[in-house]
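In what follows, a structure is listed as structure tokens, so that the remarks can point back to it.
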Amino acid sequence: MFENKKVKNGVIFGAIVVVLAIVVTVGVSVTKNLGKTNSAISADEAKSSIAKMLGHIQVEDLPLRSEALNVNESLSTAEELPDIDTVYPIGVQGSGQIDIEVFTSPEKGGPGMDRWLLDVAEAFNKANHTTSSGATASVTVRSVDSGTAVEYISSGKYVPDAFTPSSTLWGAMLETGGVSVQLKSDRLAGNVAGVLLTEEMESHLIEQYGSADFSTVVQATADGEMMMGYTNPYASSTGLNFLLNTLYTGDPENPLSSKAVGQFNKFQANVPLVAFTTMQMRTAAESNVLDGLILEYQSYINDSTLAREYKFIPFGVRHDNPMYAVGNLSAEKEEVLDQFIAECGSQQSQELATKYGFNSNEEYQSALPQPGGQTITQAQSIWKENKDGDMPIVALFIVDISGSMSGEPINNLRTALLNSMQYINDDNYIGLISFSSDVYRDLPIEKFNLKQKTCFKGAVNNLTVGGQTAMYDALTVGMDMVEKKLDEVGNAKPMIFVLTDGESNNGYRYRDVGGIVAGLKIPVYTISYNYSNEQLDELAAINEAASISGTSEDIVYKLRNLFNAQI
């Protein structure tokens with residue numbers, strides 16, 4: 004049997020059922036054939052199937068090893084962030100003698116109907132603008148999620164000349180963080196955030212509460228009358244706006260008061276999903292898990308299915324895409340930035356913006372006062388501490404230690420797990436198992452107190468690679484561990500995290516466990532590492548989890564964001 008020995012320079016991370024593995028997609032020689040399918044079965048049938056399957060899986064319980072924690076082990080934000088050129092490549096490259104680089108939010112710096120600012124930048128660069136001194140002028144545009152852009156700028160990891168997020172909320176956070184920013188334009192293209200409701204839910208709210216607006220959505224969710232989903236307020240502009248509005252609804256005078264937090268907890272108790280990505284939220288809505296979701300109007304109107312099936316109800320501060328100068332720009336760079344803002348405001352550019360879905364809902368004005376940066380960051384902290392209410396999380400990490408993980412992959416994974424420990428709430432229950440040809444129970448699921456953290460560190464540092472990839476065997480063992488801990492803890496929320504770098508080629512197949520995952524209703528988050536597989540997406544989608552693709556360059560940052568949002 005393959006032995007799990009100590010590996011140097013390991014890294015830790017805690018008790019969430021993380022399945023670090025690869026989903027079986029090709030025909031693999033499997034000797035354990037119980038004939039299960041991907042069709043959903045009952046929870047009792049699922050548990051019965053697991054009991055039978057465990058008899059065909061080679062499992063080894065590894066001795067616990069504790070290692071002292073070091074406060075200096077956690078990475079700084081700058082160290083967590085990946086190299087920007089690797090993860091966020093330039094969308095438009097300027098070549099002028101005076102070139103300014105602009106960070107833009109993705110809804111105006113992406114592909115298709117989301118490329119408005121890229122088109123404007125290309126037109127600007129072709130127009131041969133010059134400064135007053137005669138130097139040629141140009142702009143370089145890079146699309147970066149607004150929350151991530153704030154981290155690059157505030158940490159000093161990478162600082163552009165200008166930043167155009169979706170809303171002024173991110174600019175306020177930068178100012179509070181001590182970053183020198185200047186609001187050059189409060190609007191490049193008009194947009195608003197909104198709640199999407201089905202016609203049936205809209206009619207129900209009007210009948211039950213007298214109207215269908217943001218406050219009745221919050222109240223109906225708190226009353227258990229509807230299922231609302233929203234996105235991570237640490238990363239999503241619309242999610243952050245939604246969080247602030249929910250807190251202000253609880254206490255319009257002070258969104259950080261105990262009254263506001265209490266009302267938020269009542270609301271959050273009936274929220275089935277805080278999505279890591281907009282796509283995860285959309286999938287849950289399509290599966291009829293949600294009665295309402297959130298989205299910007301520009302994205303909503305460009306999706307014919309959403310525009311046909313949902314009513315859009317605007318909320319919060321407007322998402323009018325402000326433009327900020329960052330740092331102390333030279334006089335010539337200031338001049339070029341002013342020229343580019345003027346280009347964005349030209350009739351031709353604004354007509355193009357309207358074609359791409361911007362500049363609607365012009366009559367909408369926010370009832371929400373513009374919050375300061377300190378209020379925004381405190382609201383995020385309130386969400387992190389209260390997003391699960393009084394319900395702890397039972398989570399297991401399942402880690403791929405097959406031979407292909409040798410070298411840089413396993414070392415980066417250790418770093419990512421150890422660094423992410425700081426983002427897991429102490430009252431959650433965390434465990435770790437690993438797999439190659441066989442399955443290893445590295446750390447039983449227990450409350451993530453100081454003792455469990457030291458054992459988690461020891462388990463991560465003890466990971467050794469070698470052998471084949473029996474991911475579904477590990478998932479079967481992991482589901483059994485989670486279910487038993489749920490029986491012990493009582494009212495708790497289960498999660499499994501799967502991380503792998505290749506296809507499962509040993510043991511059970513996807514078809515053997517898909518129905519069991521559906522029957523137990525355990526969300527399985529999959530992280531494909533330097534690898535892409537549609538079956539991992541399918542596994543995550545069974546219970547509305549997220550599937551994430553990571554690389555050696557960004558795995559630390561992506562795992563941090565995932566665990567910060569979910570546990």
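Residue numbers (my numbering): 4 to 570. Note that CB positions come from ideal geometry on N, CA and C, so glycine has one too. All values reported here derive from a predicted model rather than from experimental measurement.
For Asp164, the closest of Lys187, Thr171, Met176 by C-alpha to C-alpha distance is Lys187.
Counted as a single uninterrupted DSSP element, the beta strand (DSSP E) harbouring Lys496 occupies residues 496 to 503.
Three or more Cβ pairs drawn from the stretch 285 to 297 and the stretch 539 to 548 lie within less than 8 Å of each other, which places the two stretches in contact. Separation of Val184 and Ser302 (C-alpha to C-alpha, rounded to the nearest whole angstrom) is 28 Å. Here DSSP, grouped into helix, strand and coil, assigns Val274 to coil. For Gln185, the enclosing beta strand (DSSP E) starts and ends at 184 to 188. Where Phe315 is concerned, the enclosing beta strand (DSSP E) starts and stops at 313 to 318.
In this structure, the alpha-carbon of Ala495 lies about 33 Å from that of Ile316. DSSP places Leu296 within a strand segment (E or B) once states are collapsed to three. Here Ser157 really is in contact with Leu177; their C-beta atoms are around 6 Å apart, less than 8 Å. The DSSP-derived three-state label of Thr89 is helix. Straight through space, the alpha carbons of Ala71 and Pro114 are spaced by roughly 48 Å. Annotated as distal: Val329 and Val468, with beta-carbon spacing of 9 Å or more. For the pair Asn268 and Leu250, the Cα-to-Cα distance works out to about 10 Å. Going by C-alpha positions, Thr503 is about 9 Å away from Thr472. For Gly434, the uninterrupted beta strand (DSSP E) segment begins and ends at 432 to 438. Rounded to the nearest whole angstrom, the C-alpha separation of Gly434 and Leu523 is 18 Å. Non-local beta-carbon contacts of Asp86 in its own chain, meaning distances under 8 Å to residues more than five positions away in sequence, involve Glu556 in chain order.
Nearest neighbour of Leu276 by Cα position, chosen from Gln266, Ser260, Asp294, Ala263, turns out to be Asp294.
Going by C-alpha positions, Pro526 is about 14 Å away from Met484. Where Pro447 is concerned, there is no enclosing alpha helix (DSSP H), although the beta strand (DSSP E) around it starts and stops at 442 to 450. Per DSSP, the continuous beta strand (DSSP E) segment holding Ile103 begins and ends at 101 to 107. Considered as a whole, the stretch 120 to 186 harbours 140 to 146, 165 to 167 as its complete beta strand (DSSP E) runs of no fewer than 3 residues, in chain order. The C-beta distance from Val95 to Val142 rounds to 7 Å, short enough to fall under 8 Å.
About 4 Å separates the beta carbons of His322 and Ser169, which is inside the 8 Å limit, making them a contact pair.
Between Tyr534 and Val516, the alpha-carbon positions lie close to 21 Å from each other. Just measuring C-alpha positions, the residue of Gln342, Gly150, Leu562, Thr252 sitting nearest Ala140 is Gln342. Assignment of Gly518 by DSSP, reduced to helix, strand and coil, places it in the helix class. For Val329, the uninterrupted beta strand (DSSP E) run begins and ends at 326 to 329, by DSSP. Membership of Leu416 in the alpha helix (DSSP H) is indicated by the continuous run 411 to 423. Taking C-beta atoms under 8 Å as the contact rule, Leu466 and Ile404 qualify, at a distance of about 5 Å. Bounds of the beta strand (DSSP E) holding Ala398 are 396 to 403.
Pairing Ser149 with Ser108 gives a Cβ-Cβ distance under 9 Å.
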